[in-house]
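All remarks here apply to the structure that follows.
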Amino acid sequence: MEHFTNPKFFGKIKDADVIGKAGNPRCGDLLTLYLKINPKNKTITDIKFETLGCASAIASSDMICKIAKGKTMEEALKIGFQDVSNRLGTLPPLKIHCAQLVTEALKDAINKNLLNA
Ligand code: FES
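Residue 1082 is where the sequence shown starts when you use my numbering, and the numbers rise one by one after that.
Structure follows, in structure tokens:
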């Protein structure tokens, strides 16, 4: 609940190095992740999100930002939806796709960054 009612990573990074997006056509939820990346060691130095979606999508967005911040791109690519769900205290089965949505957005951002490297 805390990650839904008081998300620490909500917002936009105006000079983001890369932006990742994901959407779920079935529920209509949309997520944008903004990342700042240290070019020397490829570490995520800052990360924020904007989510148009349900409470679980917002909480999952905040949690993936918390998990990913400070990690290298390689480490962040390994973050799975189970990691997000477990750290939130386990999402109900109907809401697992909310955690999948946020991992897709992070992978989108990282893959875009790797393509531009
Ligand atoms: S209901 Fe679809 S992402 Fe939450």
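A virtual CB, placed ideally from N, CA and C, is assigned to each residue, including glycine.
query: Roughly how far, in whole angstroms, is the beta-carbon of leucine 1172 from the beta-carbon of serine 1137, given that I think they are within contact range, below 8 Å?
result: About 6 Å; that satisfies the 8 Å criterion.
- request: Flag glycine 1101 as yes when its Cβ comes closer than 8 Å to any non-hydrogen atom of the ligand FES, and as no otherwise.
  value: Result no, Cβ not under 8 Å from the ligand FES.
- request: Apply the 10 Å Cβ neighbour rule to proline 1088 and answer buried if 16 or more other Cβ atoms are within range, or exposed otherwise.
  value: Around the CB of proline 1088, 16 or more other CB atoms lie within 10 Å, so the residue is classed as buried.
query: Where does the unbroken beta strand (DSSP E) through alanine 1097 begin, and where does it stop?
result: For alanine 1097, there is no enclosing beta strand (DSSP E), as DSSP marks it with neither H nor E.
- request: Could you tell me which residues DSSP puts in a beta bridge with glutamate 1131?
  value: Under DSSP, glutamate 1131 takes part in a beta bridge, and its partners are Thr1113.
query: phenylalanine 1091 bridges to which residues according to DSSP?
result: Answer is Phe1130, bridged to phenylalanine 1091.
- prompt: Helix or strand or just coil, what does DSSP make of asparagine 1119?
  reply: Three-state DSSP puts asparagine 1119 in a strand.
query: Does DSSP classify isoleucine 1160 as helix, strand or coil?
result: Assigned with DSSP and collapsed to three states, isoleucine 1160 falls in coil, not helix or strand.
message: Looking at the strands, I want to know which residues DSSP matches up with isoleucine 1125.
response: Residue pairing by DSSP places isoleucine 1125 opposite Ile1118 in a beta bridge.
message: Going by DSSP in three states, threonine 1153 sits in which element: helix, strand or coil?
response: In this structure, DSSP gives threonine 1153 an extended state, which the three-state scheme calls strand.
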